[in-house]
Amino acid sequence: DGVSFDIMKGETLGLVGESGCGKTTIGRAILHIIKPTSGSAFFKGEDIGTMYRDDNPRLRKLMQIIFQDPYGSLNPRMNVRDIIGEAPLYHKLTTRSEMDDYVVDIMQKVGLRPESRAKYPHEFSGGQRQRIGIARALSMKPEFVVCDEPVSALDVSIQSQVLNLLGDLRDEMGLTYLFISHDLSVVRHISDRVAVLYLGKLVELAPKNAFFDNPLHPYSQALISAIPIPNPEAKQHRILLQGDVPSPANPPQGCRFSTRCPECVERCRIEEPHLTDKGDGHYTACFLR
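Positions in the sequence shown are counted from 1; adding 518 to them yields this note's numbering.
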């Protein structure tokens, strides 16, 4: 609802927030998997909505998505060769006679054994399936990739492998990521900037180090306080939010976080704050900061 931000070429913007706040909707609306009800998104100066209406295949090649569920996002009736090679063949990035070599090259980039290209998704582990999903996105040689919680369904040890892979591919191929996650530890590892979403509104946007060292919005402070410290003897002050998340269909008047904010004042319940630059590219939507 009124979300606005820029992503610079070659950077990773981490988009965080609790379940149901609109993270996936934003990513899918950018790619027009979900058609936006209003507003515009621009890619390299061109209106994405207009390009999709013109059925411009170039945009579909340049913008791709890695889906959250490595089990539900792969066609169980297709083998890995066809899953990865179908779109490049359709968009004439390869020919049928060269498709096998094309798929092998992509599989090697993401750490999959080329000899397994004749196998089907059910024959792979969760981490391997997510690599197939990454390979499918990269097979189009994109410039911008929406990573929709690409590691949330994976074991911690596999998460680190996939995150390092995404970082290496970004550097090698010059990719730009919108990295959607609810895990702030993961976002801290891979992102250059962090955007915090609450009930469909951006409440903070900042460079990674500034965000984690000095979060300004009370909601951001609560999120960061919930990050586990890998030291059983360390004392951790956690901010426990009271109450339930309001309905997105009927949000509260004023600041949407006012019903759960421990610092809420009367102005917060009446007037809606807007993102304001607090210096050095650190934006927050809070009257008290």
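C-beta atoms are modelled at their ideal positions from N, C-alpha and C, and glycine is treated no differently.
In this text the structure is predicted, and so the values were computed from the model without any measurement.
Cβ contact annotation for A728 (same chain, cutoff 6 Å, sequence separation greater than five): H800, in chain order. At a cut-off of 3 residues, the continuous stretches assigned as beta strand (DSSP E) that sit fully inside the region 629-682 are 662-666.
Take the alpha-carbon of S709 and the one of Q586: they are about 18 Å apart.
For the beta strand (DSSP E) assignment, the uninterrupted runs of no fewer than 3 residues enclosed by the region 538-618 are, from N- to C-terminal side, 581-584. Counting C-beta pairs with one atom in each stretch, the region 588-596 and the region 648-666 have three or more that are closer than 8 Å, which means they touch.
For the 8 Å CB-CB criterion, G644 and A671 form a contact.
In the pairwise beta carbon analysis, the region 718-726 is classified as touching the region 788-807: at least three pairs are separated by under 8 Å. Looking at the DSSP output, D795 sits in a beta bridge with Y801. The Cβ atoms of I745 and L702 lie closer than 8 Å to each other.
A straight-line Cα-Cα distance of about 6 Å links G603 and M617. Three or more Cβ pairs drawn from the region 522-540 and the region 691-699 lie within less than 8 Å of each other, which places the two stretches in contact.
Comparing alpha-carbon positions, the option among L684, F561, G629, L580 lying closest to H609 turns out to be L580. Sequence-distant Cβ neighbours of I788 in its own chain, meaning closer than 7 Å and more than five residues away, are Q771, G772.
It is roughly 24 Å from the alpha-carbon of I676 to the alpha-carbon of L741. An exposed status is given to G538, since fewer than 16 other beta-carbon atoms sit within 10 Å of its beta-carbon. A distance below 7 Å between beta-carbons, with the five flanking residues on each side excluded, links Y620 to the following residues of its chain, in chain order: G603, P606, T612. When C782, I583, P736 are compared, the shortest CA-CA separation from L684 is found for I583. With a threshold of 16 other beta carbon atoms within 10 Å, D666 meets it and is buried.
By the neighbour-count criterion, in which 16 or more other beta carbons inside 10 Å mark a residue as buried, K541 falls on the buried side.
The beta-bridge partner set that DSSP reports for P770 is empty. Beyond the five residues adjoining it in sequence on each side, C786 comes within less than 7 Å, by CB distance, of G772, C773, S776, C779, F805 in the same chain, given in chain order.
With fewer than 16 other CB atoms across the displayed protein chains lying within 10 angstroms of its CB, V674 is exposed.
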